[in-house]
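Q: The opening residue of the sequence shown carries number 0 in numbering that gives the first Met the number 0; numbering runs sequentially from there. Built from N, CA and C at the ideal position, the CB exists for glycine as well. From a predicted model like this one, the values you see are computed outputs, not experimental measurements. A single structure is presented below for examination.
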Amino acid sequence: MRKLTAKEEEILEYFWSNGPLFVKELLELIGEPKPHYNTLSTIVRALEEKGYIGYKAYGNTHQYYALLSENEYKQKSLKQVVDKYYDQSYKRVVSCLIEEEELTVEDLQDLIRQIKEKR
């Protein structure tokens, strides 16, 4: 999975929340200040080249759509972070969160309960 810029990720979120879009429709959804049409089109094509969106051709225009769900994207992104910074160990991630006091005892008990319920 190729890394996205912050702007590419922001644009991808529009496809997740709105479904298939033409660039013109996407431009209408974006708040002010709106990017130029050509700039937005370039970002959309970059997302396509990176494998995040596909398209259906209608004559000379394309309707773009996300190729993976927001949840799939988040899971793959998390896996990349865990692989790169925590030696592929989710246990190390949890240990780090405990050391940084980001997880409480109650949080850990809730996680244990969730794990037991999955079995």
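So if DSSP puts Phe21 in a beta bridge, which residue, or which two residues, is it bridged to?
A: Gln62
Q: At what residues does the alpha helix (DSSP H) containing Tyr85 begin and finish?
A: Where Tyr85 is concerned, there is no enclosing alpha helix (DSSP H), given that its DSSP letter is neither H nor E.
Q: What separation, rounded to the nearest whole angstrom, lies between the Cα atoms of Leu67 and Ile52?
A: Computed Cα separation, rounded: 8 Å.
Q: Give the secondary structure of Tyr51 by DSSP, where H, G and I count as helix, E and B as strand, and everything else as coil.
A: Residue state, collapsed to three classes: coil.
Q: Spatial neighbours of Tyr128 within its chain, please: CB distance less than 8 Å, with the 5 preceding and 5 following residues excluded, ordered by chain position.
A: Here the chain comprises residues numbered 0 to 118, so residue 128 is not present and cannot be evaluated.
Q: Comparing alpha-carbon positions, which option in Lys75, Lys83 and Thr4 lies nearest Thr41?
A: Thr4
Q: For the alpha helix (DSSP H) that Arg118 lies in, which residues bound it at each end?
A: From DSSP, Arg118 is part of no alpha helix (DSSP H); its letter is neither H nor E.
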